[in-house]
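Peer 1: Would you mind keeping the following structure in view while I ask a few things?
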Amino acid sequence: MREEKLDVSDHRIAASHSVLTTRAAKWATKLVGMGRCVSELAKELNCDWGVINRAVTIYSRALLEADKKRIGKTRALGFDETLFVRTGKYRTQNWCTTICDVAETDS
Numbered sequence: 201m202r203e204e205k206l207d208v209s210d211h212r213i214a215a216s217h218s219v220l221t222t223r224a225a226k227w228a229t230k231l232v233g234m235g236r237c238v239s240e241l242a243k244e245l246n247c248d249w250g251v252i253n254r255a256v257t258i259y260s261r262a263l264l265e266a267d268k269k270r271i272g273k274t275r276a277l278g279f280d281e282t283l284f285v286r287t288g289k290y291r292t293q294n295w296c297t298t299i300c301d302v303a304e305t306d307s
């Protein structure tokens, strides 16, 4: 029987010094983008939270940098603080802050 050698330089297997394959890293990035928690995926893949988080950070950063049409230039920012809920014995206030582009659009 002929022994086959595994080509570890093949990026489809795993990048150098990485724990996840490229496919697994892209899969995790997609699922986190759809709302899954990094900790859930780490448990599912039986690896450390940091492994998944690093992979998602690297791939999501690349996706955002490549998407030039995602957002345009911002001319004015608006901040809105809303009282979200009061909790506990002393009714501690918890606020929600929203940030958005408030400049008029050229429609």
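For the sequence shown, my numbering gives the first residue as 201, with consecutive numbering after it.
Glycine included, C-beta positions come from ideal geometry on N, C-alpha and C.
1. Locate the alpha helix (DSSP H) running through R254, then write down its first and last residues.
2. In its own chain, which residues sit with a C-beta less than 6 Å from the C-beta of E281, not counting the 5 before and 5 after it?
3. Kindly indicate which three-state DSSP category L283 falls into: helix, strand or coil?
4. Tell me where the alpha helix (DSSP H) around T222 begins and ends.
5. According to DSSP, which residues form a beta bridge with G288?
6. Hey, quick one: how far does the alpha helix (DSSP H) through K243 stretch, first residue to last?
7. Please check the pair S239 and W249, which I expect to be a contact at CB under 8 Å, by giving their CB distance rounded to whole angstroms.
Peer 2: Taking the geometry as given:
1. Indexing the sequence shown from 1 puts residue 254 at position 54. Per DSSP, the continuous alpha helix (DSSP H) segment holding R254 begins and ends at 249–266.
2. Here residue 281 is taken as the residue at index 81 of the sequence shown, counted from 1. W295, T297.
3. Along the sequence shown, one-based indexing puts residue 283 at 83. Three-state result, L283: strand.
4. Within the sequence shown, the letter at position 22 stands for residue 222. Counting along the chain, the alpha helix (DSSP H) containing T222 begins and ends at 222–233.
5. The count along the sequence shown starts at 1 and reaches residue 288 at position 88. Answer is none; G288 lacks a bridge partner.
6. Here residue 243 refers to the residue found at position 43 when the sequence shown is read from its first residue. Segment 238–245, the alpha helix (DSSP H) holding K243.
7. Locating residue 239 in the sequence shown gives position 39, counting from the first residue. Locating residue 249 in the sequence shown gives position 49, counting from the first residue. The Cβ separation is near 6 Å, so the contact holds.
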